[in-house]
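Okay, so here's the structure we're looking at.
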Amino acid sequence: MKYIFVTGGVVSSLGKGLTAAALGALLEMRGLTVRIQKFDPYLNVDPGTMSPYQHGEVYVLEDGAETDLDLGHYERFTSGKLSRLNNLTSGQVYESVIQKERRGAYLGKTVQVIPHVTNEIKERITMAAKDVDILITEIGGTTGDIEGLPFLEALRQFALEQGPRDVIFLHVTLVPYLAAAGELKTKPTQQSVAKLREIGIQPHILVCRSEQPIDASVRDKLSMFCNVPVKAVVQCQDVSSIYELPIALQEEGLDQLVVDMFGLNKPQPERNVWAELSRRIRNPLHKVKIGVVGKYIELQDAYKSVYESITHAGIANNAVVEVVRVDAEDLEKRGGISLLKGLDGILVPGGFGDRGTEGKIIAARYARENGVPYYGLCLGLQIAVIEFARNVLKLKGANSTEFDPASPHPIINIMEEQKKVIDKGATMRLGSYECALTPGSKAAKAYKAESIRERHRHRYEVNNAYVGQLQRGGLVVSGINPRRNLVEIVELKDHPFYLAVQFHPEFQSKPLQAHPLFAAFIAAALKQRKPASAKLKSAPKSAAKKPSAAKAKKPAKKPDYNASSRSA
Numbered sequence: 010m011k012y013i014f015v016t017g018g019v020v021s022s023l024g025k026g027l028t029a030a031a032l033g034a035l036l037e038m039r040g041l042t043v044r045i046q047k048f049d050p051y052l053n054v055d056p057g058t059m060s061p062y063q064h065g066e067v068y069v070l071e072d073g074a075e076t077d078l079d080l081g082h083y084e085r086f087t088s089g090k091l092s093r094l095n096n097l098t099s100g101q102v103y104e105s106v107i108q109k110e111r112r113g114a115y116l117g118k119t120v121q122v123i124p125h126v127t128n129e130i131k132e133r134i135t136m137a138a139k140d141v142d143i144l145i146t147e148i149g150g151t152t153g154d155i156e157g158l159p160f161l162e163a164l165r166q167f168a169l170e171q172g173p174r175d176v177i178f179l180h181v182t183l184v185p186y187l188a189a190a191g192e193l194k195t196k197p198t199q200q201s202v203a204k205l206r207e208i209g210i211q212p213h214i215l216v217c218r219s220e221q222p223i224d225a226s227v228r229d230k231l232s233m234f235c236n237v238p239v240k241a242v243v244q245c246q247d248v249s250s251i252y253e254l255p256i257a258l259q260e261e262g263l264d265q266l267v268v269d270m271f272g273l274n275k276p277q278p279e280r281n282v283w284a285e286l287s288r289r290i291r292n293p294l295h296k297v298k299i300g301v302v303g304k305y306i307e308l309q310d311a312y313k314s315v316y317e318s319i320t321h322a323g324i325a326n327n328a329v330v331e332v333v334r335v336d337a338e339d340l341e342k343r344g345g346i347s348l349l350k351g352l353d354g355i356l357v358p359g360g361f362g363d364r365g366t367e368g369k370i371i372a373a374r375y376a377r378e379n380g381v382p383y384y385g386l387c388l389g390l391q392i393a394v395i396e397f398a399r400n401v402l403k404l405k406g407a408n409s410t411e412f413d414p415a416s417p418h419p420i421i422n423i424m425e426e427q428k429k430v431i432d433k434g435a436t437m438r439l440g441s442y443e444c445a446l447t448p449g450s451k452a453a454k455a456y457k458a459e460s461i462r463e464r465h466r467h468r469y470e471v472n473n474a475y476v477g478q479l480q481r482g483g484l485v486v487s488g489i490n491p492r493r494n495l496v497e498i499v500e501l502k503d504h505p506f507y508l509a510v511q512f513h514p515e516f517q518s519k520p521l522q523a524h525p526l527f528a529a530f531i532a533a534a535l536k537q538r539k540p541a542s543a544k545l546k547s548a549p550k551s552a553a554k555k556p557s558a559a560k561a562k563k564p565a566k567k568p569d570y571n572a573s574s575r576s577a
């Protein structure tokens with residue numbers, strides 16, 4: 010059993026998670042089984058109750074664990090399915106230690122950070138390492154943060170217990186370029202490594218993030234002052250796509266360095282799947298424009314898995330996808346509907362709260378009436394159902410009880426078991442659930458299956474009291490949970506692509522295997538796009554890109570999309 014511990018220095022957001030994921034991908038390609046876990050020093054038990062403004066998206070695992078978004082990178086780059094054992098926070102550590110103390114598990118001893126807290130951390134490493142060749146553990150935060158010290162101390166102890174041939178410390182650091190001086194500065198990295206060495210950790214590998222190439226003289230300097238071999242000073246510049254990172258690190262020899270340090274005989278395979286993927290990313294045949302309508306649009310990480318899944322679907326369709334971020338609240342303003350014109354597809358992601366919901370309803374109506382491919386995720390399904398109830402079934406005031414508890418038509422209602430829930434953390438419908446598909450539906454054709462399992466994170470569902478009325482009105486329920494008869498997927502028949510799901514398919518998409526619904530959505534958007542502009546090489550920059558409405562029924566008069574917002 011081998012262990013790699015990934016730490017970070019100088020500043021946060023250097024890409025420790027991506028580095029760990031890319032290294033895992035390279036080691037898997039050599040035939041090793043790899044698992045990755047994340048240690049987060051914050052005191053929250055998990056990120057489930059944290060605002061997207063604080064933490065980005067919450068990534069949900071098969072077993073329902075609400076985890077850090079870096080676990081999304083781990084699952085996208087490697088083949089292993091992760092569990093709640095793969096994300097540990099200070100909150101979980103201290104909660105467990107205090108519960109043990111209350112039960113008398115420590116037999117009257119004084120409970121201290123060393124050894125009780127550090128033992129708890131080491132135990133989690135051991136639990137996550139079962140049945141794999143290599144466990145990669147990323148330590149969140151930056152070296153020197155006070156809350157991270159117990160984790161680093163636990164790693165120091167663990168490395169001493171395992172032996173020098175079984176543990177590698179990999180330190181991701183920043184080598185900044187000062188334009189005024191015209192040179193790269195190594196002092197921040199030297200200070201960061203010195204911080205680690207103060208507590209007894211000597212990095213074996215430096216992964217140096219830099220805007221400029223790191224020449225031999227800089228590598229020599231880092232090697233000498235950080236006590237690391239020159240060949241273990243690895244350059245890591247920005248790449249045009251994160252899925253080119255494995256190749257960039259491979260060219261620096263990182264995976265070979267790791268197997269050599271571990272004394273493993275695992276040569277590179279003849280076929281390099283990441284090099285093939287990189288070529289496909291660099292040479293797309295088509296271009297398509299997709300609008301993502303949400304309320305956290307200004308935050309890149311709020312819909313991280315959604316954006317990545319769109320990219321995967323583009324790769325699967327040999328297309329580059331231009332994502333247009335549309336603030337849902339802007340659609341509620343007079344003339345806001347113009348923001349949707351020229352889009353080849355509209356996606357409404359998940360979310361909570363009523364802010365921006367009327368704008369999303371406007372987007373769903375626009376897509377339905379104009380034949381623009383629509384794809385709704387979680388809240389995006391509820392939005393589609395509310396819009397259909399209001400504007401097709403003419404149920405005035407139809408809404409979700411989340412947004413309007415007094416709605417005369419609660420088309421979306423809180424789940425029965427959620428009504429008595431008081432605590433917010435880890436109390437939603439979470440994790441993987443079965444969905445039975447309707448034969449012949451768009452969903453069944455995309456999945457090429459009769460039954461699937463997808464991950465959920467929500468409290469509200471389509472109200473079954475209205476399902477019959479929705480179906481008679483033309484809304485197809487193409488996926489249900491067979492155990493509880495809950496609506497999981499809806500779609501429209503006479504529409505190029507109008508499909509929405511109650512779950513989060515973005516959590517199961519990978520660059521080497523796009524999620525089937527995302528792939529079908531992008532394929533439909535490409536099909537709707539005019540042939541002259543769909544080809545990347547032939548499309549002029551100033552070409553108009555209006556969605557085709559050939560298959561959509563023309564409304565008798567130009568609809569007032571803002572009326573939906575006002576009538577609610």
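Each residue of the sequence shown is one higher than the last, beginning at 10 in the numbering used here. Using N, Cα and C, we set each Cβ at its ideal position, and we do this for glycine too. All values derive from a computational prediction rather than experimental measurement.
Taking contact to mean 3 or more Cβ pairs, one atom from each stretch, closer than 8 Å, check whether the segment 63-76 and the segment 154-167 are in contact. no
Tell me, please, which residues DSSP counts as bridged to residue 331. Mapped onto the sequence shown, residue 331 falls at position 322. In the DSSP output, where bridge partners are listed per residue, residue 331 has 298.
Please report the residue range of the beta strand (DSSP E) in which residue 217 lies. Taking the first residue of the sequence shown as 1, we reach residue 217 at position 208. Segment 214-218, the beta strand (DSSP E) holding residue 217.
Straight-line Cα distance separating residue 55 from residue 177: Translated into positions along the sequence shown, residue 177 becomes position 168. Translated into positions along the sequence shown, residue 55 becomes position 46. Taking the straight line from one Cα to the other gives about 27 Å.
Is residue 421 near residue 395, with beta carbons less than 8 Å apart? Taking the first residue of the sequence shown as 1, we reach residue 421 at position 412. Taking the first residue of the sequence shown as 1, we reach residue 395 at position 386. Going by C-beta atoms, residue 421 is nearer than 8 Å to residue 395.
How long is the line joining the alpha carbons of residue 149 and residue 180, rounded to whole angstroms? The count along the sequence shown starts at 1 and reaches residue 149 at position 140. The count along the sequence shown starts at 1 and reaches residue 180 at position 171. Spanning the two alpha carbons is a distance of roughly 12 Å.
Let's test the definition: count the other Cβ atoms within 10 Å of the Cβ of residue 466 and tell me whether it reaches 16, buried, or not, exposed. Sequence index remark: in the sequence shown, residue 466 carries index 457 (1-based). The residue is buried, with at least 16 neighbouring Cβ atoms inside 10 Å.
Beta-carbon spacing of residue 482, residue 390 below 8 Å: Taking the sequence shown and counting its residues from 1, the one referred to as residue 482 is at position 473. Taking the sequence shown and counting its residues from 1, the one referred to as residue 390 is at position 381. Taking 8 Å as the Cβ cut-off, residue 482 and residue 390 do not qualify as a contacting pair.
Going by DSSP, what residues sit across from residue 578 in a beta bridge? Here the chain comprises residues numbered 10 to 577, so residue 578 is not present and cannot be evaluated.
Is it right to say residue 188 is buried, meaning 16 or more other beta carbons lie within 10 angstroms of its own, or is it exposed? Along the sequence shown, one-based indexing puts residue 188 at 179. Its Cβ having fewer than 16 others within 10 Å, residue 188 is exposed.
With 16 other CB atoms within 10 Å as the buried threshold, where does residue 323 fall? Along the sequence shown, one-based indexing puts residue 323 at 314. Result: buried.
What does a CB cutoff of less than 6 Å around residue 21 pick up in its chain, not counting 5 residues either side in sequence? Here residue 21 refers to the residue found at position 12 of the sequence shown. Answer for residue 21: 151, listed in chain order.
Do the segment 263-277 and the segment 329-337 make contact, defined as three or more Cβ pairs closer than 8 Å? In short, these stretches do not touch, since the Cβ pair count stays below three.
Quick one: measure Cβ to Cβ for residue 235 and residue 218, integer angstroms, because I've assumed they're closer than 8 Å. Taking the sequence shown and counting its residues from 1, the one referred to as residue 235 is at position 226. Taking the sequence shown and counting its residues from 1, the one referred to as residue 218 is at position 209. In fact, because the Cβ distance is near 15 Å, the residues do not count as touching under 8 Å.
Count the other CB atoms, across all protein chains shown, that sit within 10 Å of the CB of residue 114; report buried if there are 16 or more and exposed otherwise. Here residue 114 corresponds to residue number 105 of the sequence shown, with the count starting at 1. With fewer than 16 other Cβ atoms within 10 Å, it is exposed.
By Cβ distance below 7 Å, which residues in the same chain neighbour residue 495 in space, the five residues on each side in sequence not counted? Stepping through the sequence shown from its first residue, residue 495 is reached at position 486. Excluding positions up to five away in sequence, the list reads 470 and 489.
Just how far apart, CA to CA, sit residue 294 and residue 499? Residue numbering aside, residue 294 sits at position 285 when the sequence shown is read from its first letter. Residue numbering aside, residue 499 sits at position 490 when the sequence shown is read from its first letter. Rounded to whole angstroms, the gap between the alpha carbons of residue 294 and residue 499 is 31 Å.
Could you tell me which uninterrupted beta strand (DSSP E) segments, each at least 3 residues in length, are contained entirely in the segment 300-326, listed from first to last along the chain? none
With a cut-off of 8 Å on the beta carbons, I'd call residue 508 and residue 452 a contact; round off their distance for me. By one-based count along the sequence shown, residue 508 stands at place 499. By one-based count along the sequence shown, residue 452 stands at place 443. Correct: roughly 6 Å between the Cβ atoms.
Which of helix, strand or coil DSSP assigns to residue 274: As a working note, residue 274 is residue 265 in the sequence shown. Coil.
Write down every uninterrupted run of the alpha helix (DSSP H) in the segment 377-415 whose length is 4 residues or greater and which is fully enclosed by it, in chain order. 388-400
Ordered list of alpha helix (DSSP H) runs contained in the segment 188-256, each at least 4 residues: 196-207 and 225-235
DSSP state of residue 125, grouped into three classes? The sequence position of residue 125 within the sequence shown is 116, counting from 1. Correct three-state label for residue 125: helix.
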